[in-house]
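Protein chains in written order, with my numbering: chain Y, 0 to 768; chain V, 475 to 743. This report concerns only the one structure given below.
So this is what it looks like as structure tokens:
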């Protein structure tokens, strides 16, 4: 069947690539004039032919093929001045662009660019974060953070107070594919999630796609967050940094050889533990994280370029010398870009990704270490082909080797007290194609197909369970291939442009996921385990349909969208009631499987230009699970189910020096399990539960404000101060609610609420020279 | 050990100092529920069986759990010896003849108000506890000045997998209310190397400590294990709470456990 489909694809492909005569191609790269950074997603429009435009790909490359003639090309990018060039097209041409960043503070007048990308782009449920805008918004501890700003968008919910974890359209936090320079980041948070692993100084671009992603992405059900690091200024050296109350950052970048190669290195460290040192009780404890982003690139010649980038981050937590916990991610990417000719672009990536945690107890004879690790080697090859103005093709393949070492207990003194679990190997493959096709000036279609496979590899024994009872086992020799799961994932999006101001989009996508995060708690821990699909655990499958209306007002100053979606999820995994996740020999004996559904409406109104900018977002949604063995097999609200979710964000440029900003969030409390009765057992008051997640946490709301002061620029030296207050009116939002016998009257039972942050003020000083 | 708990036990006081975090009592509107039967049935080694039957109450009620009187409670062993239990106090039923013996399997049957509940429990063979050893705790509680101690029960786990233990620790005649459980998933067939870890129950130099060791069958262990995971529902959410996994059929809460009993005492020096 697969063979037949592939043949069909080839035929389809060939039929669309029959080229007409007398056509020539303009191609090139779009860059920032000052730093030489490629501008991802910048657009080139042809003035003479309306609705003909191409976006630069993730390496700033574009290609447009037009009939012979004279054209006016316009290059645009958000926050940059428009540039136009007239071209007399009688042969293939290479045109590179260097756009100038349109700073409001400078005398350059930013032209009112026609920013109607949201109307014209085909992919829906997608948003690009403006890194400059993020810097102005108030955040907890003053640490600007792309993942926290993301949570202010419709359909994306915070995983908890001050948390960088997020849920997209009813999916779990492990169902987001988080990529840093193409390398998957398994745990994108530091310090219980209060910080994300993304140092915004090192980031150029962050794009989120909520489920309807093109087929080059795969492996997670809910969303793709594609984060790209900056390349580093290839013209001059630059140092930037920030000093905050609990963390500091420093970045250095510059050319290695002028306009040929450059580097960027950026580091961060928190110093919460310095406060601990000041206290008597906690002075022996440590608690900090650090991370380092580094990147270098080299232009071999006009058409070939090599990039090397890496991330290294680690959290450390210790109680004196007795207990030490540390965890972190390592990623590395080597990429080779090649412009084969004016219509063909190739990228080859070799990616390494590693997440591990270690929990150490030092107590002489009772010393032990609990560690777990996930390690990937990943090879990607992608071709992009721009045959004409109507089609933009991508096709490629991806092969990944995963090695997962589940939580093993290792005794330092006595090997027989250890519980070493075998590592598991698996092999994931995908081939795909995707085409963005402009069928008519009004209709564009983005369609693609991804064939993914997951093979269980040998070297260990896999048990098969029926309702937690072992029924069989499969012993696979080293490198033998066990069960292989194949999945065909169609992706389809339509955009119908109604008129210059509005469009309707609809889409369907199937996504599959073969790596599952097992978490028994209501929020994620670094110790949560990843597990691959096995004989018991089947690939998770999500099907999502969505429909949206997009409208711009007042010469594209305002942008409005309304999107609805319905999503079903198969083969969802959860722990059974009373699961032993610490010492069970095989965690698969403790699992249950079921399905899920999620649906919602997302409204978004954004003011994009002017002294006052900001947005308003509202989400109405529901997400439920049905798992045999939980809640008597009845549907129940998933923990991330929140009916209403509102975010209001405003940034006001008061004067060239001062800007003010604020954001307000409100959401219905998450679904939670509270007792409906109580009894006494083993001499203790114990609670009686009638229903899974049948209650709600109290509603959550909060207002944060911040003010940024940018000092007058002195030569190359720029600096700014950011003052912010998180939770201005001191709302005591419930972080947890627990139940206990009243201390004052033991015949009564009371509910106790813990809230984490009331009024967190912070000051950050940023500089650049 | 709960990771999040450790982390928050560092972070919360720190934020507490800064006035950021706070804990307070709140009013919650919790549903009322249909009352359920709660059965706590224990058959200790060489002792008579004690079965307590009560009912659940609503959360807002006071902690008076109504006893179930005049129930028909019968225990039968695997040799066919059977006995109807006598109600010695309201809702409390005891055997007169049957006393728990190692290796025997017991069946419990309860009939009350038109409902029937049954359960089975096997008393495992006792694993000999040979002594108690006290050692200075490796984890110092933040803020404490003096050393605290942990007790290591001395015993050798038998070679066969599947031994389950429960320990009850007493300090100068004050009983530790926490549920302390162990099994041989780790260290099977080895001399015990795990101390009794208990929060909020510090043992200091000079204390007189008694440890009762119980060997349980797997269903009873699973009950206590799952009961413990709900009770451990601390800051950060913990496990999604559910009713513990019971070995009673018929829709009652609680458990039936026949277990071995050994007690040893020591003075920490």
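Glycine residues also receive a C-beta, built at the ideal position from the N, C-alpha and C atoms.
Checklist entry - Can you find a CB in chain V that lies within less than 8 Å of the CB of residue 359 of chain Y? => result The residue you call residue 359 of chain Y lines up with position 360 of the first chain. Residue 359 of chain Y does not count as touching chain V.
Checklist entry - Looking at C-alpha atoms only, which residue of Y:435, Y:427, Y:145 and Y:504 is the closest neighbour of residue 483 of chain Y? => result Here residue 483 of chain Y corresponds to residue number 484 of the first chain, with the count starting at 1. The shortest Cα separation from residue 483 of chain Y among Y:435, Y:427, Y:145 and Y:504 belongs to Y:427.
Checklist entry - Would the beta-carbon of residue 593 of chain V fall within 8 Å of that of residue 582 of chain V? => result The residue labelled residue 593 of chain V in the question sits at position 119 within the second chain. The residue labelled residue 582 of chain V in the question sits at position 108 within the second chain. Yes, the Cβ-Cβ distance between residue 593 of chain V and residue 582 of chain V is below 8 Å.
Next on the checklist: Starting from residue 147 of chain Y, trace the alpha helix (DSSP H) in both directions and tell me its first and last residue.
Outcome noted: The residue labelled residue 147 of chain Y in the question sits at position 148 within the first chain. Note, residue 147 of chain Y: alpha helix (DSSP H), 145-149.
Item to check | Range of the contiguous alpha helix (DSSP H) that encloses residue 119 of chain Y | outcome: Here residue 119 of chain Y corresponds to residue number 120 of the first chain, with the count starting at 1. Element bounds for residue 119 of chain Y: 116-119.
Checklist entry - Whose C-alpha, out of V:669, V:651 and V:634, is nearest the C-alpha of residue 642 of chain V? => result Along the second chain, one-based indexing puts residue 642 of chain V at 168. The residue with the shortest Cα to Cα distance from residue 642 of chain V is V:651.
Checklist entry - For the alpha helix (DSSP H) that contains residue 587 of chain V, what are its first and last residues? => result As a working note, residue 587 of chain V is residue 113 in the second chain. Run containing residue 587 of chain V: none; DSSP gives neither H nor E here.
Checklist entry - Which of helix, strand or coil does DSSP assign to residue 382 of chain Y? => result Looking up residue 382 of chain Y in the first chain gives position 383. The three-state reading of DSSP puts residue 382 of chain Y in strand, counting E and B together.
Next on the checklist: Using only the alpha-carbon positions, how far apart do residue 590 of chain Y and residue 33 of chain Y sit?
Outcome noted: On the first chain, position 591 is the one that residue 590 of chain Y refers to. On the first chain, position 34 is the one that residue 33 of chain Y refers to. Roughly 55 Å between the two C-alpha positions.
Checklist entry - Identify the residues that DSSP records as bridge partners of residue 76 of chain Y: which are they? => result Your numbering for residue 76 of chain Y matches position 77 in the first chain. Within the DSSP secondary-structure output, residue 76 of chain Y pairs in no beta bridge.
Checklist entry - Looking at C-alpha atoms only, which residue of Y:142, Y:188, Y:132 and Y:203 is the closest neighbour of residue 31 of chain Y? => result As a position in the first chain, residue 31 of chain Y is number 32, starting the count at 1. Closest by alpha carbon: Y:203.
Item to check | Reduced DSSP category for residue 139 of chain Y - H, G, I as helix; E, B as strand; rest coil | outcome: Within the first chain, residue 139 of chain Y is the residue found at index 140, counting from 1. In the structure shown, residue 139 of chain Y sits in a helix (DSSP, three-state: H, G or I).
Checklist entry - Whose Cβ in chain Y lies nearer than 9 Å to the Cβ of residue 696 of chain V? => result The residue given as residue 696 of chain V occupies position 222 in the second chain. In chain order: 577 and 579.
Checklist entry - According to DSSP, which residues form a beta bridge with residue 770 of chain Y? => result Nothing can be reported for residue 770 of chain Y: it is not among the residues displayed for chain Y, which extend from 0 to 768.
Item to check | Neighbourhood of residue 182 of chain Y by C-beta, 6 Å cutoff - its chain only, sequence neighbours within 5 removed | outcome: Counted from its first residue, the first chain places residue 182 of chain Y at position 183. The beta carbon of residue 182 of chain Y is closer than 6 Å to those of 330, 332, 350 and 352 in its chain, skipping five residues each way along the sequence.
Item to check | Exposure label - residue 643 of chain Y; buried when at least 16 CB within 10 Å | outcome: The count along the first chain starts at 1 and reaches residue 643 of chain Y at position 644. So residue 643 of chain Y ends up on the exposed side.
Checklist entry - So which residues of chain Y does residue 728 of chain V contact, with C-beta pairs closer than 7 Å? => result Mapped onto the second chain, residue 728 of chain V falls at position 254. Residues of chain Y whose Cβ lies closer than 7 Å to the Cβ of residue 728 of chain V are, in chain order, 680.
Checklist entry - Using the C-alpha atoms, what's the distance from residue 123 of chain Y back to residue 505 of chain Y? => result Here residue 505 of chain Y refers to the residue found at position 506 when the first chain is read from its first residue. Here residue 123 of chain Y refers to the residue found at position 124 when the first chain is read from its first residue. Spanning the two alpha carbons is a distance of roughly 8 Å.
Item to check | Contacting residues, own chain, Cβ-Cβ under 6 Å from residue 620 of chain Y (five flanking each side not counted) | outcome: Position 621 of the first chain, counting from 1, holds the residue named residue 620 of chain Y. Taken in chain order, the residues that qualify are 599.
Checklist entry - At a CB-CB cut-off below 8 Å, which residues of chain V make contact with residue 686 of chain Y? => result The sequence position of residue 686 of chain Y within the first chain is 687, counting from 1. The answer, in chain order, is 533, 704 and 715.
Next on the checklist: With distance defined between alpha-carbon atoms, name the residue in Y:304, Y:70 and Y:648 nearest to residue 334 of chain Y.
Outcome noted: The residue labelled residue 334 of chain Y in the question sits at position 335 within the first chain. The residue with the shortest Cα to Cα distance from residue 334 of chain Y is Y:304.
Next on the checklist: Buried or exposed for residue 728 of chain Y, going by 16 or more other Cβ atoms inside 10 Å?
Outcome noted: Stepping through the first chain from its first residue, residue 728 of chain Y is reached at position 729. With fewer than 16 other Cβ atoms within 10 Å, it is exposed.
Checklist entry - So, helix, strand or coil for residue 518 of chain Y, using DSSP? => result Counted from its first residue, the first chain places residue 518 of chain Y at position 519. In the structure shown, residue 518 of chain Y sits in coil (DSSP, three-state: anything other than H, G, I, E or B).
Next on the checklist: As a quick exercise: from Y:45, Y:173, Y:374 and Y:57, pick the residue whose alpha carbon is nearest that of residue 84 of chain Y.
Outcome noted: In the first chain, the residue the question calls residue 84 of chain Y occupies position 85. Nearest to residue 84 of chain Y by alpha-carbon distance, out of Y:45, Y:173, Y:374 and Y:57, is Y:45.
Checklist entry - If you draw a straight line from the alpha carbon of residue 196 of chain Y to that of residue 166 of chain Y, how long is it in whole angstroms? => result Start at 1 with the first residue of the first chain, and residue 196 of chain Y comes out as number 197. Start at 1 with the first residue of the first chain, and residue 166 of chain Y comes out as number 167. Distance between the alpha carbons of residue 196 of chain Y and residue 166 of chain Y: 17 Å.
Checklist entry - Can you pull the DSSP bridge partners for residue 551 of chain Y? => result Reading the first chain from its first residue, position 552 is the one you call residue 551 of chain Y. DSSP lists Y:558 as partners of residue 551 of chain Y.
Item to check | Assigned secondary structure, residue 52 of chain Y (DSSP; H/G/I helix, E/B strand, else coil) | outcome: Here residue 52 of chain Y refers to the residue found at position 53 of the first chain. Strand, per DSSP.
Checklist entry - Closest to residue 419 of chain Y by CA distance: which of Y:425, Y:407, Y:429 and Y:346 is it? => result Looking up residue 419 of chain Y in the first chain gives position 420. Nearest of Y:425, Y:407, Y:429 and Y:346 to residue 419 of chain Y, Cα basis: Y:407.
Item to check | Proximity to residue 578 of chain Y [Cα-Cα], best of V:734, V:725, V:698 and V:645 | outcome: Residue numbering aside, residue 578 of chain Y sits at position 579 when the first chain is read from its first letter. Among V:734, V:725, V:698 and V:645, the Cα nearest to that of residue 578 of chain Y belongs to V:698.
Item to check | Own chain, CB closer than 6 Å to residue 633 of chain V, minus 5 neighbours either side, in chain order | outcome: Translated into the one-based positions of the second chain, residue 633 of chain V becomes position 159. Within the same chain, residue 633 of chain V has close Cβ partners 663.
Checklist entry - What residue from Y:601, Y:464 and Y:474 has the CA that sits closest to residue 535 of chain Y's CA? => result Residue mapping note: residue 535 of chain Y aligns to position 536 of the first chain, counting from 1. Nearest option by C-alpha distance: Y:464.
Checklist entry - Would residue 139 of chain Y pass as a contact of residue 756 of chain Y if the rule is Cβ separation under 8 Å? => result The residue you call residue 139 of chain Y lines up with position 140 of the first chain. The residue you call residue 756 of chain Y lines up with position 757 of the first chain. Against a cut-off of 8 Å, the Cβ pair of residue 756 of chain Y and residue 139 of chain Y comes out as a contact.
Next on the checklist: Can you give me the C-alpha to C-alpha distance between residue 64 of chain Y and residue 250 of chain Y, rounded to a whole angstrom?
Outcome noted: Within the first chain, residue 64 of chain Y is the residue found at index 65, counting from 1. Within the first chain, residue 250 of chain Y is the residue found at index 251, counting from 1. Each residue's alpha carbon lies about 40 Å from the other.
Item to check | Runs of beta strand (DSSP E) wholly within the stretch 335-401 of chain Y (minimum 3 residues, chain order) | outcome: 343-360 and 367-384
Checklist entry - If you measure from the beta carbon of residue 737 of chain V to each beta carbon in chain Y, is any gap under 8 Å? => result In the second chain, the residue the question calls residue 737 of chain V occupies position 263. Chain Y contact via Cβ: absent.
Item to check | Reduced DSSP secondary structure (H/G/I, E/B, other) of residue 432 of chain Y | outcome: Taking the first chain and counting its residues from 1, one reaches residue 432 of chain Y at position 433. Looking at residue 432 of chain Y - three-state DSSP - the assignment turns out to be strand.
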